[in-house]
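*Asks:*
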Amino acid sequence: MIDLVFLGPPGAGKGTYAKKLREILGIPHISTGDIFREAVANGTELGKKVKPIMESGELVPDEIVNKVVRDRLSKPDCEKGFILDGYPRTVAQAKALDEMLKDMGRELMWAILFDVPEDVIVQRITNRRVCPKCGRIYNLITNPPKEDNLCDVCKVPLIQREDDKEEVVRRRYRVYMEYTFPVVGYYDSKGKLQKVDGTIGLDKVIEEVLKLVDKDKVS
Ligand code: AMP
632 MIDLVFLGPP GAGKGTYAKK LREILGIPHI STGDIFREAV ANGTELGKKV KPIMESGELV
692 PDEIVNKVVR DRLSKPDCEK GFILDGYPRT VAQAKALDEM LKDMGRELMW AILFDVPEDV
752 IVQRITNRRV CPKCGRIYNL ITNPPKEDNL CDVCKVPLIQ REDDKEEVVR RRYRVYMEYT
812 FPVVGYYDSK GKLQKVDGTI GLDKVIEEVL KLVDKDKVS
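Our numbering puts the first residue of the sequence shown at 632, with every later residue one more than the last.
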C-alpha cells in the first residue's frame with residue numbers, strides 16, 4: 632500500500648504534487664483544507680464551525696480534523712493507498728493517524744517533507760490563483776493561465792483564496808513553524824521521514840517522489 636503524508640509549509644506545492652501523483656499512482660489525494668473549503672461552500676454544520684478559524688489562518692481543533700480523516704480513510708478508494716496533504720498538522724494529529732492506520736492494519740510508507748525557503752513561499756502564495764470550478768492551481772508568475780486570469784480548461788475567472796492574502800500567509804507560516812514543524816521531527820524519530828527539495832521544479836519533484844515509492848515493494 633502506498634500510504635503517504637505530504638509535509639511542508641503552506642505554498643510548498645503539496646497540493647500540486649499530490650494532484651499529479653494521484654493520476655500516476657491511482658490513489659486519492661486527500662486534502663483536509665479542500666474538505667473544509669467544500670464544507671464551507673456547502674454551508675454544512677462542519678463548514679459553519681471551521682469558516683472563521685480558516686479565515687484567520689489558525690488551526691481547526693484536532694478532534695474535528697481527526698474525525699474527518701478517519702471517515703475519509705475508511706472509503707474504498709483508499710484501499711491501495713492515499714496521499715494526505717495538510718494533515719497531520721500537529722504532533723497530536725500524527726499520533727491519531729498512527730492509531731487510525733494501526734486500527735486498519737496498515738502502516739505509513741513515508742512522510743515526505745517538501746523543503747522550500749520562506750521568501751519563496753511568500754512569493755508563491757500571494758501569486759497563487761485557483762479555479763473555483765475545477766480546483767486547478769495557477770501561479771501568476773511561474774505558472775500563469777494562458778488567458779489573463781481565466782482557467783485554461785473551464786474559462787471561468789480565477790480567484791485568490793481568502794487565506795492566501797499576505798497578512799494571513801504570514802500568520803499561517805508562523806502557525807506552521809510552531810505546530811507543524813515538530814511533526815517533521817516526529818516522523819524523523821520514527822525513521823519515516825524523507826526530504827525532497829521543493830524548488831527543483833514540478834517534473835523533478837515528481838521523479839523524486841516516484842523513486843521513493845518504487846524503492847519499496849508496493850503491494
Ligand atoms: P490548507 O489548504 O491545507 O492550507 O488548509 C487551509 C486551512 O484549513 C488551514 O489554514 C486550517 O485553518 C485548516 N486546516 C486544514 N487542515 C488542517 C489540519 N490538519 N489541522 C487543522 N486545521 C487544518
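Idealized CB from N, CA, C, for every residue including glycine.
Enumerated in chain order, which unbroken segments of the alpha helix (DSSP H) with a length of 4 residues or greater are wholly contained in the region 720–800?
*Replies:* The qualifying runs are 722–734 and 749–757.
*Asks:* DSSP state of V585, grouped into three classes?
*Replies:* Examination of residue 585 is not possible in this model, given that the chain is present from 632 through 850 alone.
*Asks:* Please state whether DSSP places K645 in a helix, a strand or coil.
*Replies:* Residue state, collapsed to three classes: helix.
*Asks:* Does the distance from the CB of V751 to the CB of Q791 come in under 9 Å?
*Replies:* Taking 9 Å as the Cβ cut-off, V751 and Q791 do not qualify as a contacting pair.
*Asks:* Quick one: using the 10 Å Cβ neighbour count with 16 as the cut-off for buried, is F812 buried or exposed?
*Replies:* Exposed: under 16 other Cβ atoms inside 10 Å.
*Asks:* Under 9 Å, do L656 and G712 count as touching if we go by C-beta distance?
*Replies:* Yes, these two residues count as a Cβ contact at 9 Å.
*Asks:* Ignore the nearest five residues each way along the sequence and tell me which others in K826's own chain have a CB closer than 7 Å to its CB.
*Replies:* If we look at K826 and ignore the five residues flanking it on each side, its Cβ neighbours are L744 and D746.
*Asks:* Given 8 Å as the limit, is there contact between the region 806–824 and the region 705–725, that is, 3 or more CB pairs closer than that?
*Replies:* The region 806–824, when compared against the region 705–725, does touch it at the 8 Å Cβ threshold.
*Asks:* Nearest-angstrom Cα distance between I756 and L789?
*Replies:* Taking the straight line joining both Cα atoms gives about 14 Å.
*Asks:* Taking the C-alpha atoms as reference points, what is the distance between E654 and K764?
*Replies:* One C-alpha to the other measures close to 19 Å.
*Asks:* Please go through the same chain and pick out, in chain order, the residues whose beta-carbon is closer than 8 Å to the beta-carbon of D693, but skip the five residues on each side of it.
*Replies:* Excluding sequence neighbours, D693 sits near T721, A723, Q724 and A727.
*Asks:* Going by beta carbon distance, what residues of the same chain come within less than 6 Å of T647, once the five residues before and after it are set aside?
*Replies:* Closer than 6 Å at the Cβ level, and outside the excluded window around T647, lie I768.
*Asks:* Under 8 Å: does the beta carbon of G688 sit that close to some heavy atom of ligand 2?
*Replies:* Ligand 2 is not part of this structure, which contains only ligand 1.
*Asks:* Restricting to Cα atoms, I'd like to know which of L739, Y807 and S662 is closest to Y818.
*Replies:* Residue L739 is the option with its Cα nearest to Y818.
*Asks:* Please say whether V806 and G688 have beta carbons closer to each other than 9 Å?
*Replies:* In contact: G688 and V806 (Cβ atoms closer than 9 Å).
*Asks:* I'd like to check one pair, L635 with W741: are the Cβ atoms closer than 9 Å?
*Replies:* Yes, the Cβ-Cβ distance between W741 and L635 is below 9 Å.
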